[in-house]
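Novice: For the sequence shown, position 37 matches number 36 in numbering that gives the first Met the number 0, and the numbering has no gaps at all.
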Amino acid sequence: MMQTIEAVFDGKVLLPGEPLDLNEGTRVRITVEPIEEPEATAPASFLKTARSLQLEGPSDWSERIDEYLYGENM
């Protein structure tokens, strides 16, 4: 019975990522093929995301936020 499993090399031995359906002492043939890990990408910054939305609004939004949000002059 042939199995394909993933394992991690700890510097001395290969540690299977899941239990193997083998009896203790069973001889096996192993072919090692490194798994390419996807590169971690940094999440987009809030500013980059906000700019990508291409929102439109009044130019004095930050100065009059309460008025725009609550409809009153605070």
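Glycine included, every Cβ here is placed at the ideal spot set by N, Cα and C.
Quick caveat: nothing in here was measured; it's all calculated off a predicted structure.
#1: Where does the unbroken alpha helix (DSSP H) through LEU68 begin, and where does it stop?
#2: From the DSSP output, which residues share a beta bridge with ALA6?
#3: How long is the line joining the alpha carbons of GLU5 and LEU14, rounded to whole angstroms?
#4: If I follow the unbroken alpha helix (DSSP H) through ARG50, where does it start and stop?
#5: LEU21 and VAL12: beta carbons closer than 8 Å?
#6: Beta-carbon within less than 8 Å of LEU71's beta-carbon, same chain only, minus the 5 sequence neighbours each way: which residues are those?
Specialist: Reading from the atomic positions:
#1: Sequence index remark: in the sequence shown, residue 68 carries index 69 (1-based). Bounds of the alpha helix (DSSP H) holding LEU68 are 64-69.
#2: The residue labelled residue 6 in the question sits at position 7 within the sequence shown. DSSP lists PRO15 as partners of ALA6.
#3: Translated into positions along the sequence shown, residue 5 becomes position 6. Translated into positions along the sequence shown, residue 14 becomes position 15. When the Cα atoms are used, GLU5 and LEU14 turn out to be separated by approximately 9 Å.
#4: Walking along the sequence shown from the start, residue 50 turns up at place 51. Run containing ARG50: 45-51, per the alpha helix (DSSP H) assignment.
#5: Here residue 21 refers to the residue found at position 22 of the sequence shown. Here residue 12 refers to the residue found at position 13 of the sequence shown. Note that the C-beta distance between LEU21 and VAL12 is not below 8 Å.
#6: Taking the first residue of the sequence shown as position 1, residue 71 is located at position 72. For the sequence presented, residue 71 should be read as Glu rather than Leu. Once the five neighbours on either side are set aside, the close Cβ partners of GLU71 are ASP65.
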